[in-house]
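I have placed the structure first, in the form of structure tokens, so that the comments after it can refer back to it.
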Amino acid sequence: MTIQRVKVCAVCATEFTTSQIKAKYCPDCRGEAKHQNQKDRRQKIAEKRVVKLPVSEEWLWVAREVRRAGTVECLHSHTVETLEQLFELRNYKYKTYDFDFEKKRSKFHLCHIQPVKGSSSVGLLHPHNLFIGPSLANQVHRTKCYESAGLSISRFSLQSRWLIPEDMPDPKVLEKVQKYLGQVLIDYAKVNPIRTSQRLSLARWIHRNVPNCAHTLERLERMGMTELRKIRAEFEEKEIYQMDLRTKRSIVVALDEAVRLSEQLPQGQHRNDVAFLIPVLTVAGAWLSRQEDQEGLASILDRPYGVCWNPVALREGVDASAFRDFIAFQTFQTMQGAPLDRGMVLNTLRKYLHVPTLTPDYSNSNSSMQSVFRDQYVNFYSQVPTIQKAILAVGICNSVQEYEYLEKVREADREMAIFESFGYETCKDEFDYSTVNIQIEEDYVPNPSNPRLRKFIEPIFIDF
Numbered sequence: 001m002t003i004q005r006v007k008v009c010a011v012c013a014t015e016f017t018t019s020q021i022k023a024k025y026c027p028d029c030r031g032e033a034k035h036q037n038q039k040d041r042r043q044k045i046a047e048k049r050v051v052k053l054p055v056s057e058e059w060l061w062v063a064r065e066v067r068r069a070g071t072v073e074c075l076h077s078h079t080v081e082t083l084e085q086l087f088e089l090r091n092y093k094y095k096t097y098d099f100d101f102e103k104k105r106s107k108f109h110l111c112h113i114q115p116v117k118g119s120s121s122v123g124l125l126h127p128h129n130l131f132i133g134p135s136l137a138n139q140v141h142r143t144k145c146y147e148s149a150g151l152s153i154s155r156f157s158l159q160s161r162w163l164i165p166e167d168m169p170d171p172k173v174l175e176k177v178q179k180y181l182g183q184v185l186i187d188y189a190k191v192n193p194i195r196t197s198q199r200l201s202l203a204r205w206i207h208r209n210v211p212n213c214a215h216t217l218e219r220l221e222r223m224g225m226t227e228l229r230k231i232r233a234e235f236e237e238k239e240i241y242q243m244d245l246r247t248k249r250s251i252v253v254a255l256d257e258a259v260r261l262s263e264q265l266p267q268g269q270h271r272n273d274v275a276f277l278i279p280v281l282t283v284a285g286a287w288l289s290r291q292e293d294q295e296g297l298a299s300i301l302d303r304p305y306g307v308c309w310n311p312v313a314l315r316e317g318v319d320a321s322a323f324r325d326f327i328a329f330q331t332f333q334t335m336q337g338a339p340l341d342r343g344m345v346l347n348t349l350r351k352y353l354h355v356p357t358l359t360p361d362y363s364n365s366n367s368s369m370q371s372v373f374r375d376q377y378v379n380f381y382s383q384v385p386t387i388q389k390a391i392l393a394v395g396i397c398n399s400v401q402e403y404e405y406l407e408k409v410r411e412a413d414r415e416m417a418i419f420e421s422f423g424y425e426t427c428k429d430e431f432d433y434s435t436v437n438i439q440i441e442e443d444y445v446p447n448p449s450n451p452r453l454r455k456f457i458e459p460i461f462i463d464f
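Numbering (our numbering), first residue to last: 1 to 464.
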């Protein structure tokens, strides 16, 4: 016989009968207590993660940016979502592989819309105030800004307790960051892991294992990953593995940033102007992808083997470099918040570009090529309607091309409507016949003695 015990609920303090020796809660409070325990567990996990801020590469970057701004209040108005967006933007910047190790400089900068060193304000470290742009353009732009764009806080409203001197070490800066963000940081840590930096781990491994190392631990922790890997490779007498990572094309980065800002920025003129740039950059990228010796543009318009399509071409007698400079200048200025003259941009596109054809030519392609270059074809199929819509949006095709394209779209829509309206049934098994009462004839067997009968053999494509 099961032993019944009388216990007192830890939540409501009422007595209840149970056979479990470890029971703490009555049946009415058990669900609420379970939910509370889960919340407490997430809280403990978040608190343990926050302790690792000084050894996280992402948060060490935040510490450097906060020190550069001179105040923790550059993190004003952050939420969990915007913190996630901020680190996604930082990681994307590193994946552009823009750093030239020989010249010790980057091709791209993380540009502030409202400058961090403004005369009367401090630009926020916020995804709505940042974008990735060309380094030269950012250096020329300096601290110029437009009032209607970006996020900033007035220098006259800064509180002294959040000020950061230039010589404050990273752990102390991150302590202030933790106090300033408060519950937002805890909520962020509940759903996002804070990982230990591989660079710092490698620096400490070298300090422990490499005897007579010429560098102190403090010096090792300030070194880059490439230098640390070289030291370890020399110690282990191994060759260092180096990947050949190509720098992302400027127009690809600009298009990705235009898409991001058009989705993340608050409603307003700045967001609308950036969204207007998306078809402009798409058309410019499509033109550039069809020029000789132009690589790294497959994300805009791929070039699958066997397909011929030149959707956009340069008009005769115009300068290609002048057109590229125009696109780069307008893109950077618009992202900085400058007013955009849309009519001028469209007229300039029509002056430089024209549309040879709106439809790809698949006449030289076959199923064998499509099988070998499957990924390229799948990528290309998804890009074609995007390019076509961008061309129509900027209005560089003539009226006849637009009419023919729209007629093809209407015909395709009519066919799809007819197909969807038909009550077809899918036969899944071998002897599963349709209930629409369609008679199935016997398989056709050709007459082998027919002299006119020729067997078609599809050519096999071999990729040498």
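We put the CB at the ideal spot given by N, CA and C, even for glycine. Predicted model only: the values in this text are computed from it and were never measured.
- At a Cβ-Cβ threshold of 8 Å, Y305 and F235 do not count as neighbours.
- The residue from A149, P165, L151 and G133 with its alpha-carbon nearest to that of A63 is P165.
- Burial is judged here by how many other beta carbons sit within 10 angstroms of a residue's own beta carbon; G123 has at least 16 and is buried.
- In the DSSP assignment, G133 falls within the beta strand (DSSP E) that extends over L130 to P134.
- Apart from the 5 residues on each side of it in sequence, Q294 sits with its Cβ closer than 6 Å to the Cβ of L288 in its chain, given in chain order.
- Separation of N272 and A23 (C-alpha to C-alpha, rounded to the nearest whole angstrom) is 59 Å.
- For F419, the enclosing alpha helix (DSSP H) stretches over residues S399 to S421.
- If only complete runs of 4 or more residues are kept, the region 66-119 shows the alpha helix (DSSP H) at 80-94, in order along the chain.
- Secondary structure of S382 (DSSP, three-state): helix.
- Note on the region 238-293: whole alpha helix (DSSP H) runs with a minimum of 4 residues are 250-264 and 269-289, in chain order.
- Sixteen is the threshold: since fewer than 16 other Cβ atoms of the shown chains lie within 10 Å of the Cβ of L406, the residue is exposed.
- Judged by DSSP in its simplified three-state form, H354 adopts strand.
- Taking all protein chains in view, the Cβ of R90 is crowded by 16 or more other Cβ atoms within 10 Å, so the residue is classified as buried.
- Cβ-Cβ distances below 6 Å link K176 to V72 in the same chain, with the five nearest sequence neighbours on each side left out; the list follows chain order.
- Contact between H354 and I396 holds, since their C-beta atoms are separated by about 6 Å, short of 8 Å.
- Bridge pairing for S121: S154 [DSSP].
- In the structure shown, the three-state DSSP call for F456 is coil.
- In chain order, I300, L301, P311, V312 and I387 place their CB closer than 7 Å to the CB of A286, counting only its own chain and leaving out the 5 sequence neighbours on each side.
- For S157, the closest alpha carbon among the candidates C74, A258 and L346 is that of C74.
- Of the candidates L255, S382 and Y25, Y25 places its Cα closest to the Cα of A13.
- Considering only R30, E88 and A46, the residue with the shortest C-alpha distance to E58 is E88.
- Look at K144 here: in three-state DSSP terms it is coil, with no helix or strand label.
- By the C-beta density criterion, M369 is buried, having at least 16 other C-beta atoms within 10 angstroms.
- Of the candidates E415, Q336 and P356, Q336 places its Cα closest to the Cα of L151.
- By the criterion of a C-beta distance shorter than 8 Å, W61 is surrounded in its chain by R90, once the five residues flanking it on both sides are discounted.
- Straight across, the Cα-Cα distance linking Y188 with R204 is about 28 Å.
- Annotation: E147 to P266 spans about 15 Å, alpha carbon to alpha carbon.
- The alpha-carbon of P211 is positioned some 14 Å away from that of E237.
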